[in-house]
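Going letter by letter, the sequence shown gives residues 65 to 254 in the numbering used here.
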Amino acid sequence: MKILFATQNQNKIEEVKNMLPSGFELMGLNQFNFTDDIPETQPTIEGNAIQKANFVFNTLKTPCFAEDTGLIVPSLNGEPGVYSARYAGPYRDPLKNMEKLLKKLSSEKSREAYFETVIALKYGHKLETFVGRCKGRIAHEAKGSNGFGYDPIFIPEGYDLSFASLSKSIKNKISHRAIAMSKLIAYLSE
Ligand code: ITT
65 MKILFATQNQ
75 NKIEEVKNML
85 PSGFELMGLN
95 QFNFTDDIPE
105 TQPTIEGNAI
115 QKANFVFNTL
125 KTPCFAEDTG
135 LIVPSLNGEP
145 GVYSARYAGP
155 YRDPLKNMEK
165 LLKKLSSEKS
175 REAYFETVIA
185 LKYGHKLETF
195 VGRCKGRIAH
205 EAKGSNGFGY
215 DPIFIPEGYD
225 LSFASLSKSI
235 KNKISHRAIA
245 MSKLIAYLSE
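Take a look at the structure:
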C-alpha cells in the first residue's frame, strides 16, 4: 500500500520510513512537487493535525496522513505544547526553543514531560485520528546528536539518556510517533 505523508519535516519522514512494515510504501510531498507551507493555525495538536491532512487532501486530491507533535510540560501549564515549534519565536529554532524551556524550568520542582503526536488520516469523506504519547522528563542540559527538535533534552521513562543520545532504533520503538504510527498501521491493515 502506498500512502502519502503530508509533512515538510524530513526528520519525521526518516523516522516514519523506519517504522513501516513491509507492504507499505511512503510517498512524500516532493513526489507531488508540493512545496507550499502547510497551515497549522489551530489551538490544539489534534486540530493542527486535522488541518494539515485536510489542506493537503483538498489540494492534491490524494489520500494522506499528517501529524502534529508537541512537548507538554505540566509544571509549565502544558508549555510549549501546541506552540512547540515556535516556542522561542517565529524562526522555529530548536536550540533557542530548548534554551527557553530549560530556563523556565530552572525554578520548577517537577521536570516531568511528555510528547504527544496526533496523526490525522484523510481519505474520501473519512477522517480518523490516532494518538501516541511518550512520558519522560526534561534533562538539565542538552545532550546527544541523534533525532531533532527537543530530543537532546527529553529523557524517556525507563532510560537515563536523552532521545538524542539513545539509538534511533530505540526512539523509533518507544516514541510518541511510533505509538501513533502503530495505531495507524493497524487501522490500515484491517
Ligand atoms: P510538519 O510539516 O509536519 O507540520 P513541523 O516541523 O511543523 O512539521 P510540528 O509542528 O509537529 O512539525 O513540530 C512541533 C515542534 O515539536 C517542532 O519544534 C519539532 O522540532 C518538535 N518535535 C516534533 N517531533 C519531535 C520529536 O520526535 N522529538 C523532538 N522534537 C520534536
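From the three backbone atoms N, C-alpha and C, an ideal C-beta is built for every residue, glycine too.
Distances taken from the Cβ of G200 to the heavy atoms of ligand 1 include none shorter than 8 Å. Per DSSP, V146 lies in no beta strand (DSSP E) and is assigned neither H nor E. For I136 and N161, the gap between their C-alpha atoms comes out near 13 Å. Nearest neighbour of V195 by Cα position, chosen from S139, L185, H189, turns out to be L185. Membership of P158 in the alpha helix (DSSP H) is indicated by the continuous run 158 to 169. Restricting attention to beta strand (DSSP E) runs no shorter than 3 residues, the stretch 200 to 245 encloses them at 218 to 220, ordered along the chain. Under DSSP, F179 takes part in a beta bridge, and its partners are L135, C198. DSSP lists L68 as the beta-bridge partner residues of M91.
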